[in-house]
Amino acid sequence: MRNMTEPRICTRCIMDTTASDIDFDDQGACSYCTDFLARLKRTGLAATVDQRNAFLERVRHDGKGRDYDCIVGLSGGVDSSYALLLAVRHGLRPLAVHLDNGWNSELAVHNISNLVSSLKVDLFTHVIDWNENKDLQLSFFKANVIDIEMLMDNAMMALNYRLARQYNVKWILAGTNRSTEGMHMPSNWNWLKYDARNIKAIHRRFGSVPIRTHPLISVAGFIWNRYVLGILWTSFLDYFDYRKDEALAILDKEVGYRPYPYKHYESVFTRFYQGHILPRKFGVDKRKLHFSTLVVTGQMTRDHALELMSQSTYPDPDQESSDYSFVLKKLRFSNDDFKSYMAAPSVPHNAYASEKLLWDTLYGVHKKIMAISNS
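Heads up, the sequence shown is in the numbering used here, so the first residue is 575 and it goes up one at a time.
See below:
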């Protein structure tokens with residue numbers, strides 16, 4: 575359960591001691607923004623124009639003779655939506671890929687529809703059987719692990735790689751970026767997204783519906799796609815001077831895009847998970863990380879970030895009440911069962927079988943090799 579003591583907060587950003595491995599220097603600046611600034615010093619916030627043009631030419635070259643030259647995963651959020659718009663603007667031929675797990679908000683459906691019709695791109699939508707998805711999500715609730723969203727993240731990565739293999743595409747252009755999400759996620763706030771073994775172990779323990787339509791990718795699957803098949807997942811927005819407010823204005827003007835109150839709120843479940851479950855059960859408010867990145871990159875003042883943090887994770891209390899009823903009804907949770915879940919202590923993901931040790935070992939070897947090659 576969450577630690578109710580007052581957390582210590584960084585003097586430069588707004589990260590605090592709810593991140594279990596945070597450290598502070600003598601001036602009170604935290605290790606998260608210090609690390610982020612060091613990485614920005616090496617890489618910059620965005621690529622140069624020459625680097626961008628070289629990248630775009632490589633994507634076009636690798637896609638010659640194929641139906642598409644890149645895959646763009648499309649959630650309906652601003653980052654992925656703007657990545658798709660930029661790909662089309664710069665002469666690429668993307669296949670937009672959307673994963674429907676039964677939780678799309680009406681606004682997300684509206685935004686996706688407007689995007690693909692306005693940009694005239696093909697859209698592939700994979701629909702997960704609802705009973706299967708519900709059974710998996712309920713398994714994660716019963717396991718009391720923190721990263722329920724890992725199910726969707728893992729499935730989306732698996733689906734993007736699957737479509738890349740199917741169409742012989744070498745590039746997956748993601749809306750991930752340093753500008754709005756460049757700070758590392760605290761290790762106690764989520765879990766390894768490629769950990770298919772963990773998903774299967776939790777489902778085997780608590781679930782009953784066979785996994786048939788829910789895409790999965792393991793650490794070995796990632797290695798196969800990345801290093802054997804050469805399919806490259808890249809943070810496309812890092813090739814541009816990405817500013818979320820400017821992106822929203824452009825999307826609104828060109829495709830009638832309508833924004834969400836907070837990052838990743840295009841899904842009803844994500845909105846409820848990040849706005850209700852995470853802060854109340856696990857003591858985690860991901861706005862701290864999102865706002866801190868904007869503070870460090872000069873897109874938001876620290877005072878404004880603190881002011882926003884004083885507001886509810888649900889800007890609209892009626893929306894929270896509506897989402898509470900909707901999520902419980904859709905998952906067939908009784909009020910008493912959900913209250914029992916919220917009161918139960920959290921359980922670490924590695925209490926169940928996991929690929930995390932394998933990933934950490936391979937990542938450590940990779941870092942050593944890169945250090946040697948760069949020396």
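The beta-carbon is built from N, C-alpha and C at its ideal position, and this holds for glycine as well.
Measure from the alpha carbon of residue i to the alpha carbon of each residue in the options, then state which is nearest.
{"i": "S679", "options": "K930, N924, S896", "result": "S896"}
{"i": "K930", "options": "D819, A794, W798", "result": "A794"}
{"i": "A748", "options": "T935, Y656, R640", "result": "Y656"}
{"i": "V646", "options": "S691, T808, K708, I776", "result": "T808"}
{"i": "K903", "options": "I791, L737, L712", "result": "L712"}
{"i": "Y915", "options": "K767, D696, R854", "result": "R854"}
{"i": "P833", "options": "L822, G665, V695, Q601", "result": "L822"}
{"i": "L572", "options": "V623, S654, D721, V901", "result": "The requested residue 572 is not part of the displayed model; the chain covers only 575 to 949."}
{"i": "R861", "options": "T592, E580, T585, T579", "result": "T592"}
{"i": "D721", "options": "A620, W763, D934, Q625", "result": "W763"}
{"i": "E706", "options": "I583, H788, R800, T875", "result": "H788"}
{"i": "F796", "options": "D877, G857, I785, A770", "result": "A770"}
What's the call for residue i, buried or exposed, on a 16-neighbour Cβ count within 10 Å?
{"i": "V802", "result": "exposed"}
{"i": "P668", "result": "buried"}
{"i": "L880", "result": "exposed"}
{"i": "K942", "result": "exposed"}
{"i": "N728", "result": "buried"}
{"i": "K818", "result": "buried"}
In whole angstroms, what is the alpha-carbon distance linking residue i and residue j?
{"i": "Y926", "j": "A628", "result": "44 Å"}
{"i": "Y813", "j": "Y831", "result": "22 Å"}
{"i": "G804", "j": "A670", "result": "20 Å"}
{"i": "P919", "j": "N718", "result": "7 Å"}
{"i": "D599", "j": "A775", "result": "40 Å"}
{"i": "L936", "j": "E755", "result": "24 Å"}
{"i": "H838", "j": "T844", "result": "With a pLDDT of only 49 at H838, under 50, the local geometry of the prediction cannot be trusted, and the value read off the model is given with reservation. Each residue's Cα considered, the two are about 7 Å apart."}
{"i": "L630", "j": "R779", "result": "46 Å"}
{"i": "T871", "j": "T608", "result": "12 Å"}
What is the DSSP secondary structure of residue i, counted as helix, strand or coil?
{"i": "S795", "result": "It is Gly, not Ser, that sits at residue 795 in the sequence shown. DSSP places G795 in helix when its eight states are reduced to three."}
{"i": "R586", "result": "coil"}
{"i": "H838", "result": "Only weak support exists for where H838 lies, its pLDDT of 49 falling under 50; the value from the coordinates is given anyway. Coil, per DSSP."}
{"i": "A603", "result": "coil"}
{"i": "A682", "result": "helix"}
Just to check, is the beta-carbon of residue i closer than 7 Å to a non-hydrogen atom of the ligand FMN?
{"i": "P919", "result": "Within the structure as shown, the ligand FMN is missing, as the structure has no ligands at all."}
For the beta strand (DSSP E) that contains residue i, what are its first and last residues?
{"i": "H700", "result": "696–701"}
{"i": "L766", "result": "No beta strand (DSSP E) holds L766; DSSP gives it neither H nor E."}
{"i": "G651", "result": "G651 -> no beta strand (DSSP E), and no H or E assigned at all."}
{"i": "T808", "result": "806–809"}
{"i": "L936", "result": "No beta strand (DSSP E) contains L936, which is instead part of the alpha helix (DSSP H) from 930–948."}
Ends of the alpha helix (DSSP H) at residue i?
{"i": "D624", "result": "623–636"}
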